[in-house]
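With UniProt numbering, the residue at position 167 of the sequence shown is 167, and numbering never jumps.
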Amino acid sequence: MTTRKPIIAGNWKMNLNHFEANLLIQKLAASLTPAQLDAVETVVLPPFTDLRTVQTAVDGDKLGIAYGAQDISQHASGAYTGEIAGSMLAKLGCSYVVIGHSERREYHNETDELVNAKIKAAFTAGLTPIFCVGEGLSVREESAHVGHCTSQVDAGLDGLKEDQIKQIVIAYEPVWAIGTGKTATPDDAQEVCGAIRARLVEKYGAEVAEAVRIQYGGSVKAGNIASIMAQPDVDGALVGGAALDAEGFAAIVRFPEHVAR
Ligand SMILES: O=C(CO)COP(=O)(O)O
């Protein structure tokens, strides 16, 4: 029995304009009861252009759903064309921000150093990072995935204070399982999530490590969430494709009806 509150987050990636975002958030809220939303922290991560719309819906109707952005600038403000500062996200009521997603690491050449700088920028703005780590297929095939992920964790958390580490959400997303329909087995998810927690114990002590919520991400859907959430070191999921369907995402949030924690 863990005391960590489960957190299910829907990463909408580059999908849905603000009209579509409004529909999805309303439908999602209508599909979940207050008790279900109380049992599982439910988060949506829309594109920047949808954040104001989501804020209006969530605040206006007190939907009980948290939201955040998919990226943040490492800079506080200034001449950085196209970038979005943490303070701007905080002003829009964001609680979370995804940092270091494999799609940003791969397509935008984000390094561990940049990810670390963005995590610090998030905390400065009062946002909670959802810090992503994960290995590609070749690393997995060499059985080097555990070390790969724990060193990404080391680099991302470098220089943070203990209370910041306790607050952070770490998402283990094996790249080969993202959008491929190929889910890691529950044992695969536990292996890496457990190793991440063991690493946190080693570096920061058990009290800090026990507070950190670790998500699994990669082809999560209603049909596989229960077996993944049954793992002792998996505290939630970061959901991509299945988060674009209100009923499908709501069914994932309702996982406690199928698994005791
Ligand atoms: O990358 C992901 C969430 O951030 C996972 O995406 P899928 O759920 O579509 O595999």
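Ideal Cβ positions, reconstructed from N, Cα and C, are used throughout, including at glycine.
Open item on the list: In whole angstroms, give me the CA-to-CA distance for H258 and G82.
Closed with: 43 Å
- [ ] Kindly indicate which three-state DSSP category P232 falls into: helix, strand or coil?
- [x] coil
- [ ] Using 10 angstroms around the beta-carbon of K5, count the other beta-carbons present and answer buried if the total reaches 16, otherwise exposed.
- [x] Looking at its Cβ environment, which holds fewer than 16 other Cβ atoms inside 10 Å, K5 is exposed.
TODO: Output the distance between the C-alpha atoms of T180 and E103, rounded to the nearest integer angstrom.
DONE: Between T180 and E103, the C-alpha separation is close to 14 Å.
- [ ] Identify which residue in K161, Q36 and G217 has its Cα closest to the Cα of E135.
- [x] G217
- [ ] Tell me V139's beta-bridge partners as DSSP assigns them.
- [x] Answer by DSSP bridge pairing: none, since V139 is not bridged.
TODO: Using only the heavy atoms of ligand 1, determine whether one of them is closer than 6 Å to the beta carbon of V115.
DONE: no
Task: Reduced DSSP secondary structure (H/G/I, E/B, other) of E41 - done: strand
Open item on the list: Going by DSSP, what residue range makes up the alpha helix (DSSP H) through R199?
Closed with: P186 to Y204
Open item on the list: As a quick exercise: from E210, I119 and H101, pick the residue whose alpha carbon is nearest that of I178.
Closed with: Here the closest residue by C-alpha is H101.
TODO: Going by CA-CA distance only, name the one from D61, G126 and V43 that's closest to I72.
DONE: Ranked by how close their Cα comes to the Cα of I72, the residues D61, G126 and V43 have G126 in first place.
Open item on the list: Between R199 and V153, how many whole angstroms is the CB-CB distance? I'm expecting something under 8 Å.
Closed with: 6 Å
Task: I7, DSSP secondary structure in three states - done: strand
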